[in-house]
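Residue numbers (the numbering used here): 584 to 1073.
The structure under discussion appears below in the form of structure tokens.
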Ligand code: BES
Ligand code: ZN
Ligand code: ZN
């Protein structure tokens, strides 16, 4: 999308439509005082007829020879982070309106600050993203250009700065969405590694990559990860991305993303309905790759390791059986009682790998449990942590970034449920309850006491229905915006 800025009088621009965002009950007539012809008068008449008051979703369209003016209702004025969501919502509503009316260019008259406009731009980029790889005719969004009409030259300068950041962030999110939307037949472990290699190759040296094949993983003793991979035809890949800040820094962050490119459940096969969206089981990995694409361009002052243990989870004559016992790279043995609880097995080895890189903190993102969707619904991810400060920083970054996250406890008493009679651990518990927490507790056994947070993104990773006016059905790139906000504050 194109964004530009001007402080010129909006009415002389001649775009296809001039948009004026209006909060509920706000005085908007003054904004039309300089409008050509009798737009102001017309608008007033129409507003009365249609009871336009700025309620969310209300729209007032005024046509004239000189062009169209659209007032977009935003609802009640909100403060703080809620205000930012209103602005993102405005971008979504605007993209939908443009789609319906066939508008490709709009001018937006606003007095928002640069930080607020930044969120608008990110949301506009997310709202106009389309995945049309397999469509006969590409479905390109109608809205292609937004001209911000701002009050003064100082705002023009400050918005020019955030414009660049906003576009880099949304590129990362949209890359993650494409990786999730791509069917598992194409988005294999090898393809995931290729995309990560492309990110490194295009980073101008900021990002380096190491990809370990099956033999190299076996060498490192990754028995848990390879147990999941053994039933699949596609070879597993262990991907290690490193972003090195061009400016000196002592801070290092480790990130692991669950990269199960398709989760059939394995021999503990999923029912058909539960399997339909399981191409999304690599959404954690997609978030890591999207994040690195943005790190490469944004260049924050933190070093970051990103790891992905990529594999399919498939049933076959070679597949792992319920009851089998495997040894993870940290030496712990695990009795696999349900082959569908595979994410924690892949992450056990990924987290232990990260531990050896000695980061100051670790975060994992994983579409780990259906129980988390039961607990928090489809739009909120669960955050579990062994470090209060780290947890608080992630939750506050999520709020600013506009992703919904909620903390869940790592209840120590539940740890006993993970102990096996015949091995050190088992990969499921014998209780039906608290499945998200026990999965988190399982992962905790592999972080060697380092500050760590686990994000169960099973709900929001893939939107089965629109998750916001600016996030339609499909992969959402959930996690990328929060991680970036977190990293920039580190
Ligand atoms: N990938 C699934 C979790 C999932 C469910 C992700 C829904 C996205 C949407 C995970 O591997 C899984 O199957 N978990 C099992 C664990 C159980 C066997 C203990 C689950 O949640 O049922
Ligand atoms: Zn599973
Ligand atoms: Zn899974």
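We put the beta carbon where it would ideally sit given N, CA and C, even for glycine.
Distance check between residue 951 and each of 1018, 1005, 735 places 1018 closest, using alpha-carbon atoms only. Under the 8 angstroms Cβ criterion, the stretch 650 to 660 counts as touching the stretch 596 to 609, having at least three qualifying pairs. Separation of the CB atoms of residue 987 and residue 1055 is rounded to 17 angstroms, and the pair is thereby denied contact status at 8 angstroms. When 651, 862, 849, 890 are compared, the shortest CA-CA separation from residue 826 is found for 890. Taking the Cα positions, residue 689 is about 5 angstroms away from residue 729. DSSP places residue 932 outside any beta strand (DSSP E); the residue lies instead in the alpha helix (DSSP H), whose first and last residues are 926 to 938.
Taking a C-beta distance under 7 angstroms as the contact criterion, residue 770 and residue 877 do not qualify as a contact pair. By DSSP's assignment, residue 1035 forms a beta bridge with 945.
Under the criterion of beta carbons closer than 8 angstroms, residue 947 and residue 930 qualify as touching, at roughly 6 angstroms.
Restricted to the stretch 945 to 1012, the alpha helix (DSSP H) segments that are unbroken, complete and at least 4 residues in length are 953 to 959, 971 to 984, listed in chain order. Proximity of the beta carbon of residue 947 to ligand 2 is not indicated: no heavy atom of the ligand is located closer than 6 angstroms. The Cβ-Cβ distance between residue 643 and residue 624 does not fall below 7 angstroms. Closest by C-alpha distance to residue 888, out of 822, 1025, 897, 710, is 822. Using a cutoff of 6 angstroms, the CB of residue 924 counts as near ligand 1, since one of the ligand's heavy atoms is closer than that.
Residue 1073 and residue 834 have their C-alpha atoms spaced approximately 8 angstroms apart. Per DSSP, the unbroken alpha helix (DSSP H) holding residue 858 starts and ends at 855 to 858.
Close CB contacts of residue 703 within its chain, under the 6 angstroms cut and outside five residues either way in sequence, are with 670, 674 (chain order). Under the DSSP assignment, residue 1029 falls outside any alpha helix (DSSP H); it carries neither an H nor an E label. In this chain, the beta strand (DSSP E) harbouring residue 791 covers 790 to 795. For the options 852, 853, 632, 936, the alpha carbon positioned closest to that of residue 840 is the one of 936. Around the beta-carbon of residue 1037, 16 or more other beta-carbon atoms lie within 10 Å, marking it buried. Taking non-hydrogen atoms of ligand 3 into account, the C-beta of residue 1039 is found less than 6 angstroms away from none of them. One thing to note: residue 707 has its Cβ no nearer than 7 angstroms to the Cβ of residue 1060.
By alpha-carbon distance to residue 631, the top candidate from 645, 724, 925 is 645. Residue 1058 and residue 616 have their alpha carbons spaced roughly 43 angstroms apart. Residue 851 and residue 922 do touch by the CB rule: their CB atoms are close to 4 angstroms apart, below 8 angstroms. The three-state reading of DSSP puts residue 846 in strand, counting E and B together. Assignment of residue 704 by DSSP, reduced to helix, strand and coil, places it in the helix class. In terms of CA proximity to residue 1065, 705 leads the group 705, 924, 816.
Under DSSP, residue 907 takes part in a beta bridge, and its partners are 919.
By the CB criterion at 7 angstroms, residue 982 and residue 698 fall outside the cutoff.
Using a Cβ-Cβ distance cut-off of 8 angstroms, the stretch 992 to 1002 and the stretch 1019 to 1036 are in contact, since at least three pairs of beta carbons, one from each stretch, lie closer than that value. If you ignore the 5 residues before and after residue 938, its C-beta comes within less than 7 angstroms of the C-beta of 1030, 1031, 1033, all in its own chain and listed in chain order.
Of the other Cβ atoms in all chains shown, 16 or more fall within 10 Å of the Cβ of residue 1067; this residue is therefore buried. If you check the CB distance, residue 634 and residue 772 do not come in under 7 angstroms. Note on geometry: alpha-carbon atoms of residue 800 and residue 819 lie some 9 angstroms from one another.
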